[in-house]
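Protein chains in written order, with our numbering: chain A, 4 to 396; chain B, 475 to 632.
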């Protein structure tokens, strides 16, 4: 059978960011993949060079809507390192709480998206409903649901009151009940097993070779987690463990994310119970001395890096951001090879790409140049149909 | 997690390929030249067991370009290998042969900074759109958007 080029994307008005895949297929089997992520370049790194530190922070919160806290924390902690600033413990604890709430809501969102991709819409609705508990907590704490605006160079901008802490414990209890239910579901549900097990396999050696980060790497047995390896905020002051798995497939990635949600619950509870007294910020100087800082941060999707160069002014000379999704693309390209077209939605969703919105598919026959068009929805229902047929056969 | 690397052991492993310097608690920076870049990365990858490429940072300080390869491994010490490239001829050999992970980062740097990675299997556009004019590299310090040039979007609309 001749090889066929299968372009997917780039636009979908309802979902996250745009991406275009060019997938070469032989029959229903994927031969190789190339991608085009150019649709969303906004020049934030360039803009960051032209603003002072105070004004860069809100800009960086807008790099990504889901992990806005990750980007601002990575940046402020880098600048604080360059300024050699001692940040109050209470501020570090509050940052940790928001970071872990963000991780939980991001993982719940992912679980919903993954469930939706396999047609399991009940689970999708459940996880997105439960995600609201965290959104409410974030709103009560910071005043915002998406871009929290908690960070500033030198500390945080909002304090936790006793009433808030008390209310948070109630929310966390509800959340724990729900997460426990998902743990059971993921382990025992037949549909999830059928669509996730053995799909998108990535060995430990390959995960390291292709520079994978975050839950994608940890599901292949790589125990790298920046919170432990290059500890920051308050993570080295509390008991928690790095969640790994050896399945190396989409199922493993699901187990890791579920496990991480449970760990996040522990971390948030510990922080609320042991919140140190004292100020929440120190006054930061206007300028930073010449320095070169590599600020690493464990975002929900994996290791996020902000490379910062300062030069005695109130602006950065260079801010180089490496997001976890970029690091994981190479591995997606590898784990898609030799898989079925029906598994594209799940494998792509499994790294939790910060875009995942692909809308239409053009089927292009390499030999007779015939093209046909397919929407992402059609691909999804094709996937469902394929597995239904497979099950009956 | 194994023991962190010390400045002494890194200097010894590098064997004169570059000069090492401890910049923070867990970060050692090695300065080398483009000719020795390949060898130093290979040494870091094999002898220092750095199995994870964190990032290739690209900096334009107005006069020269700098590339900094940050790597780490089970020891969790960050090894940063830095090279300087002249503005007139920003070229360096690709490292995607040693670490396939660097391929996508090199494409990004090529797009935004205009650094040529010789021997890269597919140094095509990644970050910028297909309409972006050739030989314009937005992350260079001396780049300014030209009002008469078309940078993308719909022609005639801006």
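For every residue, glycine included, the Cβ atom is placed at its ideal position computed from N, Cα and C.
The structure presented is a predicted model; accordingly, all values stated were derived computationally and were not measured.
* Asked: Quick one: is residue 306(A) buried, meaning 16 or more other Cβ sit within 10 Å of its Cβ, or exposed?
  -> Buried, because 16 or more other Cβ atoms sit within 10 Å of the Cβ of residue 306(A).
* Asked: residue 7(A) to residue 381(A), Cα distance in whole Å?
  -> Taking the straight line joining both Cα atoms gives about 18 Å.
* To do: Could you pull out every residue in the same chain whose Cβ sits closer than 8 Å to the Cβ of residue 615(B), ignoring the five residues on either side in sequence?
  => Residues of the same chain with a CB within less than 8 Å of the CB of residue 615(B), apart from the 5 flanking positions on each side, are 534, 535 and 536 in chain order.
* To do: Could you check the C-alpha separation between residue 590(B) and residue 497(B) for me, to the nearest Å?
  => In this structure, the straight-line span from the alpha carbon of residue 590(B) to that of residue 497(B) is close to 29 Å.
* Asked: Under 8 Å Cβ-Cβ, which residues of chain B neighbour residue 44(A)?
  -> In chain order: 601, 602 and 603.
* When the distance is taken between beta carbons, is residue 112(A) closer than 7 Å to residue 179(A)? -> With respect to residue 112(A), residue 179(A) sits apart: the two C-beta atoms are not nearer than 7 Å.
* **Members of the region 505–534 of chain B near chain D, C-beta cut-off 8 Å** => No chain D appears in the structure shown, which is made up of the protein chains A and B.
* Asked: For chain B, is any of its Cβ atoms less than 7 Å away from the one on residue 8(A)?
  -> So, not an interface residue.
* Asked: residue 325(A) to residue 613(B), Cα distance in whole Å?
  -> Computed Cα separation, rounded: 15 Å.
* Asked: What is the DSSP secondary structure of residue 386(A), reduced to helix, strand or coil?
  -> Collapsing the DSSP output to three states places residue 386(A) in a helix.
* Tell me residue 544(B)'s beta-bridge partners as DSSP assigns them. => For residue 544(B), which the question treats as bridged, DSSP gives the partners 529(B) and 554(B).
* Asked: Got a sec? Which residues, its chain only, sit under 8 Å from residue 519(B) by beta carbon, not counting five neighbours each side?
  -> Non-local C-beta neighbours of residue 519(B) in its own chain, meaning closer than 8 Å and more than five positions away in sequence, comprise 525, 545, 572 and 573, ordered along the chain.
* Under 8 Å by Cβ, that's how I've got residue 133(A) and residue 317(A) pegged, so tell me the actual separation to the nearest angstrom. => No, residue 133(A) and residue 317(A) are not in contact; Cβ-Cβ is about 43 Å, not under 8 Å.
* If residue 203(A) and residue 311(A) are in contact, beta carbons under 8 Å, what's the gap, nearest whole angstrom? -> So it is not a contact: roughly 34 Å between Cβ atoms.
* Asked: Does DSSP put residue 172(A) in a helix, in a strand, or in coil?
  -> Helix.
* To do: Express the C-alpha separation of residue 337(A) and residue 585(B) in angstroms, rounding to a whole number.
  => Roughly 23 Å separates the two Cα atoms.
* To do: Output yes or no for whether 7 Å exceeds the beta carbon distance between residue 479(B) and residue 549(B).
  => Yes, they are a contact pair.
* Asked: Using a threshold of 6 Å, is the CB atom of residue 210(A) nearer than that to any non-hydrogen atom of the ligand ZN?
  -> As far as ligands go, the structure on display features none, and thus does not contain the ligand ZN.
* Take residue 323(A) and list the residues in its own chain whose beta-carbon comes closer than 6 Å to its own, dropping the five residues that flank it on each side. => Non-local beta-carbon contacts of residue 323(A) in its own chain, meaning distances under 6 Å to residues more than five positions away in sequence, involve 310 in chain order.
* Asked: For the region 549–566 of chain B against the region 487–502 of chain B, are there 3 or more C-beta pairs whose distance is under 8 Å?
  -> Output reads yes: the region 487–502 of chain B touches the region 549–566 of chain B.
* Asked: In chain A, which residues lie with their C-beta within 8 Å of the C-beta of residue 577(B)?
  -> Those are 333, listed as they occur along chain A.
* Identity of the residues DSSP links to residue 494(B) by a beta bridge -> 504(B), per the DSSP bridge assignment.
* Three-way DSSP call (helix, strand, coil) for residue 166(A) in this model -> In this structure, residue 166(A) counts as helix in the three-state DSSP scheme.
* Taking 7 Å as the cut-off, decide whether the C-beta atoms of residue 123(A) and residue 194(A) are in contact. => Going by beta carbons, residue 123(A) and residue 194(A) fall inside the 7 Å limit.
* Test: residue 544(B) CB closer than 7 Å to a CB of chain A -> Judged by the 7 Å Cβ criterion, residue 544(B) is in contact with chain A.
* Just checking my contact of residue 251(A) with residue 205(A) at CB under 8 Å: how many whole Å lie between their CB atoms? -> Separation of the CB atoms of residue 251(A) and residue 205(A) is rounded to 5 Å, and the pair is thereby assigned contact status at 8 Å.
* Proximity test, Cβ basis, 7 Å: residue 310(A) and chain B -> The beta carbon of residue 310(A) sits closer than 7 Å to some beta carbon of chain B.
* To do: Within its chain, find whatever has a CB closer than 6 Å to the CB of residue 78(A); leave out the 5 residues flanking it on each side and keep chain order.
  => 63 and 309, listed in sequence order.
* Are the beta-carbon atoms of residue 237(A) and residue 94(A) separated by less than 7 Å? -> No. Outside cutoff.
* To do: Label residue 58(A) either buried or exposed according to how many other C-beta atoms from any shown protein chain fall within 10 Å of its C-beta, with 16 as the threshold for buried.
  => It counts as exposed.
* Asked: By Cβ distance, which residues of its chain are closer than 7 Å to residue 163(A), with the 5 residues on each side in sequence left out?
  -> Short of 7 Å from the beta carbon of residue 163(A), and not among the five residues preceding or following it, lie these beta carbons of its own chain, in chain order: 97, 144 and 278.
* Under 8 Å Cβ to Cβ from residue 342(A), same chain only, skipping five residues before and after it: list those, please. => 32, 33, 202, 203 and 350, listed in sequence order.
* Listed by chain order, chain A residues near residue 496(B) by CB distance under 8 Å -> Neighbours of residue 496(B) in chain A, taken as residues whose beta carbon is under 8 Å from its own, are absent, since the nearest beta carbon is some 13 Å off.
* **Expected contact under 8 Å - CB spacing of residue 334(A) and residue 247(A) to nearest Å** => In fact, because the Cβ distance is near 16 Å, the residues do not count as touching under 8 Å.
* residue 332(A) to residue 165(A), Cα distance in whole Å? -> Their backbone Cα atoms lie some 44 Å apart in a straight line.
* Is DSSP giving residue 499(B) helix, strand or coil here? -> It is coil, neither helix nor strand.
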